[in-house]
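Notes follow once the structure below has been shown.
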Amino acid sequence: MSALLFLLAASVDPDIAAKIASMTPAQKAAQLQSGAPADGRQLPAYDYWNEALHGLARNGVATVFPQAIGLGATWDPDLMERIGTVVSTEARAKYNGLPGKDRLRYQGLTIWSPNINIFRDPRWGRGQETYGEDPLLTGSLAVGYVRGLQGPDLSQPRIIATPKHLVAHSGPEAGRDSFNVQSSAYDMEATYLPAFRMALTDGKALSVMCAYNGVHGVPVCASDWLLNQRVRKDWGFTGLVVSDCDAIGNINHYQRYRQTNAAASAVAIEAGMDLNCGKAYAALDQALAQGLTTRETVDTALARTFAARKALGDAFGAKSRWDSIPASAVDTLANRNLALEAARKSLVLLQNNGVLPLKPGARIAVIGPNADSLDVLEANYHGTAADPVTPLSALRKRFDVHYAQGSTLAEGVPVVIPETAFAPGLKAEFFASPDFSGAPVTTQTHRKVDFDWNRTSPAQGVPANRYGVRWTGTLLPEGPGDHILRVDVPRCFDCSGHDPVRLWIDDQPVVTDNGDNSAVEARLHFADASPHSIRLELAHASEDEGIRLTWVAPALPQRSRAVAEARAADAVVAFVGLSPAVEGEALQIEVPGFSGGDRTDIALPEAQQQLLEAVKATGKPLVVVLLSGSAVAMQWAKDHADAVVAAWYPGEAGGTAISDLIEGRYAPSGRLPVTFYARTLDLPAFVDYNMRERTYRYFHGVPLWGFGHGLSYTSFAYDRAQAPAEIAAGSTLTVKARLTNSGAREGEEVAQAYLIPPENLRTIGAFNDPVLRHNLVGFQRANLKQGREKTLSFTLDPRALSTVDRDGNRAVRPGNYRLFIGGGQPGEAKGTEVSFTITGTQELPK
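Mapping of the sequence shown onto my numbering: position 528 corresponds to residue 1024, and the numbering continues sequentially without gaps.
As structure tokens, then:
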């Protein structure tokens, strides 16, 4: 069965055709919802919802790679394919190891990843889930990841990949269920669609997800021009279209595009939307009875859906070549090593005056709210890391480390209570029952309370689904003043029942929460830094995912402790930035700089800025490590820090990778996948989807650090660019250049090729249209030893050489072009340039 035919109409497969013919409208409707019930021996119960944004998510231990934005900073499609192979292998291993045939949420083989929306504005909290702001970089990495996920045989895929969210989906999070995008034909063709086209046509993804939002008043999941015409007709896509979760219900309840679930379901399925994540499609039988859709349309969607399950070996008695992957394939040493390689390649050295690398064994002050926090390693949509390594833990193995947290993340935002508050540690007792009956199964000592135990046992001999944990010890306040203590339990989504937690200070109950999040916080005043007894209990019997004990401590004593450590150190390494607690999907947060998961100000939060200024005033060298899912405006750090590193949310091995970079065990090679703007005022309105003055392609101001920027511990030189003087439209162009490692050590360069079209093709049209500067058309990694050289070759097809007009028509057009090849953008990095002429015109398909 060919890769392009296995999801065609029911007549292709007699088993599927016979099953569909035997079903009632209600049965069909049930099978087109994400939580499909069992229906006879041929169809076990199956939930289509599974996630693998940067590793298999939400189903116990799995390899946790850097968050997607960090993977974007690797600029490495081959690495992405290897990561995809690991992720899908672990998914199969878990799937194969389950008893019986029914598969619950996060246990299936239909994976709703990658997120390939364009990160057009750093304020979007979910931008961390993307590969950045450029369509070619995003599409290339998506193709690599999709190929790795699905495997070499598309008639029997390891899993089915689902690029999302089609299309023009990038915030705001507030109101996303009803948001309507106004996008020009130019922006749609030049920015929002290309990565999806690449993922489906080149990557051959077997599924795609339509977004919540509307475009020009039409909900995307009900958009005939997009799904039936562009995706299926123009791109030749024959796979499965799934909705974002509850997006079909939104057509009725939020977007008011139709007045009932039946009518909403009908307009979606008629537009080419097959499978509903949610329950709105339960009204499809009503839609059929009312004549709003046809049996043929429903059967076609059902045929594609069933064909996907049969190809995976999940239904109709089918087997898969991947059925023998064992449980031992999860969290292997090779997988951990790949996570470390990815973390290393994701780190971007933004600036360095020579202070890095630091001398091994030096006394360093490690400060900042992100130095020792699990959530900034795992980010969102994550699995459970078996052995996560924070920067603090890793640096202790190489340096004489003295640690102080120094500040909170932002005003009113709790952070994990640091180990310095629990010296010499907390006693942790694990019980086999959430009622704490009997003797503890095991006892451990914990530095802090910061754990992800999602669908996994917290300790050897303790059941994963029911247990109790009691921590006891001593709490040392930061100093006199008010402390807000919060017990943070990441609650499971869409499930019944949550875990109770209780907290005592000096044997007095201060937090008593029965699982409804109504009383997880307490404000306590301490007169000084004297110790107080502490007891914390977690009774686990739900699908909740772990526990963190956090606080907001008085700012002045917290900062003073950090300054004292800085004064006694040879250098300061400050771990600052953001966290998934302040940027992410539909968060319940309203504090200065942050709203609902998005940002209202792209500057480093004031509490952290004050911390940096205070430790720099000691006169010690300052290395700033930014952990975040998005660009942060740090003009002060650029002007005053001795080195700055963008570390993103770097995954389970992130601490080791950062420590290796600081010590100089490898030369950094990451490159920015987004523009770092200098200030919020440089950005257009967040709700405006016009690309004018957005991203490196259309922003005409001066960035803090530009897209493609990244330094090394060595240096590279480019010369001898060669290209034909003239080519005809529709021809392929090959350009060569010489790359030389001109520095003092081995290193890996990311060579980038940018096309600069003629002026008349860069100015699109009216006053408010985007004005193109240049466009990434190729990139490649090259590892060279000191003094070695390599001939780079970039082969550009007609699509790479094309431009888009104001009406959204793509063509290769005549004129004099320039191509820059270098270590970054033209005018911002060293490189070489060549000119050539294109004659004639060649229209290109959508």
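C-beta atoms are modelled at their ideal positions from N, C-alpha and C, and glycine is treated no differently. Source: prediction; values computed, not measured.
Assigned secondary structure, residue i (DSSP; H/G/I helix, E/B strand, else coil)
i: Asp871; result: helix
i: Asp511; result: helix
i: Met497; result: Annotation note: pLDDT 33 at Met497 (below 50); position unreliable, coordinate value reported separately. Looking at Met497 - three-state DSSP - the assignment turns out to be coil, as it is neither helix nor strand.
i: His749; result: helix
i: Ala1325; result: coil
i: Leu981; result: strand
i: Pro690; result: helix
i: Glu1343; result: Residue 1343 cannot be examined here, being either before or after the span of the chain that is shown, 497 to 1342.
i: Tyr1209; result: coil
i: Asn1010; result: coil
i: Leu503; result: For Leu503, the pLDDT reaches just 44, beneath the cut-off of 50, and the residue's location in the model is therefore unreliable, although a value from the coordinates is still provided. Coil.
i: Leu1108; result: helix
i: His1136; result: helix
i: Val1059; result: helix
i: Asn831; result: helix
i: Lys590; result: helix
i: Ile1223; result: strand
i: Gly1166; result: coil
i: Thr939; result: strand
i: Glu547; result: coil
i: Ala1049; result: coil
i: Ser1331; result: strand
i: Asp896; result: strand
Whether residue i touches residue j by CB criterion (8 Å)
i: Gly768; j: Cys741; result: no
i: Val445; j: Leu1020; result: This structure cannot settle anything about residue 445, because the visible part of the chain is limited to 497 through 1342.
i: Gln646; j: Leu702; result: yes
i: Thr1096; j: Ala1163; result: no
i: Leu846; j: Trp1201; result: yes
i: Ile579; j: Gly628; result: no
i: Ala881; j: Glu874; result: yes
i: Pro1027; j: Leu972; result: yes
i: Phe692; j: Pro715; result: no
i: Glu1244; j: Arg1284; result: no
i: Asp683; j: Pro1341; result: no
i: Gly1073; j: Glu1081; result: no
Of the residues the options, the one placed nearest residue i, counting alpha carbons only
i: Lys893; options: Pro631, Ile1154, Gln1105, Ala1325; result: Ile1154
i: Asp1303; options: Ser1331, Gly1320, Gly1261; result: Gly1261
i: Phe927; options: Gly964, Leu905, Thr904, Ser889; result: Gly964
i: Asp984; options: Ala1113, Ala1049, Val911, Trp967; result: Val911
i: Ala858; options: Ala1064, Leu662, Ala1249, Arg1216; result: Ala1064
i: Lys944; options: Asp1215, Leu922, Ala1058, Tyr602; result: Leu922
i: Val560; options: Asp698, Lys855, Val885, Ala691; result: Val885
i: Arg951; options: Asp1003, Ala548, Leu788, Asn555; result: Asn555
i: Ala838; options: Gln527, Val1078, Gly551; result: Gly551
i: Ala1240; options: Ser1208, Ala1225, Arg1258; result: Ser1208
i: Val1111; options: Ala1139, Ala1062, Leu1083; result: Ala1062
i: Pro959; options: Gln755, Arg840, Pro986, Pro930; result: Pro930
i: Ile516; options: Glu1189, Gln603, Phe812, Thr585; result: Phe812
i: Ala1023; options: Pro1050, Asp1012, Leu1179; result: Pro1050
i: Asn1237; options: Lys1326, Ala924, Thr1335; result: Lys1326
Presumed contact (8 Å Cβ cut-off) between residue i and residue j, rounded CB distance
i: Gln901; j: Pro865; result: 6 Å
i: Gly809; j: Ser816; result: 3 Å
i: Ile863; j: Phe895; result: So it is not a contact: roughly 14 Å between Cβ atoms.
i: Pro573; j: Gly640; result: 3 Å
i: Pro631; j: Thr687; result: 6 Å
i: Gln1338; j: Tyr1250; result: 21 Å between Cβ atoms; not a contact.
i: Ser1075; j: Ser903; result: Not confirmed; about 13 Å, so no contact.
- [ ] Report yes or no: do three or more beta-carbon pairs, one from the region 527 to 541 and one from the region 607 to 619, lie closer than 8 Å?
- [x] no
Open item on the list: Below 8 Å, how does it come out for the region 1165 to 1176 and the region 1123 to 1134: are there three or more Cβ pairs, yes or no?
Closed with: yes
Open item on the list: Taking 8 Å as the cut-off, does the region 1279 to 1289 touch the region 1222 to 1235 (at least 3 CB pairs, one atom from each stretch)?
Closed with: Segments in contact, yes.
Open item on the list: Assess contact between the region 951 to 970 and the region 1030 to 1042, defined as three or more Cβ pairs (one per stretch) separated by less than 8 Å. Is contact present?
Closed with: yes
Open item on the list: Could you check whether the region 596 to 616 touches the region 756 to 770, counting it as contact only if at least three pairs of C-beta atoms, one from each stretch, sit closer than 8 Å?
Closed with: no
Open item on the list: Between the region 632 to 649 and the region 706 to 715, can you find at least three pairs of beta-carbon atoms closer than 8 Å?
Closed with: no
TODO: Would you check if the region 832 to 852 and the region 1101 to 1110 touch, i.e. whether three or more CB-CB distances between them fall below 8 Å?
DONE: Contact fails: fewer than three Cβ-Cβ distances are below 8 Å.
Open item on the list: For the structure I just gave you, are there three or more beta carbon pairs, one from the region 1297 to 1314 and one from the region 1175 to 1193, closer than 8 Å?
Closed with: no
Open item on the list: Under 8 Å, with one C-beta from each stretch per pair, do the region 522 to 530 and the region 786 to 806 reach the 3-pair mark?
Closed with: yes
Open item on the list: Contact between the region 507 to 514 and the region 747 to 754 is defined here as three or more beta-carbon pairs at a separation below 8 Å; is this criterion met?
Closed with: no
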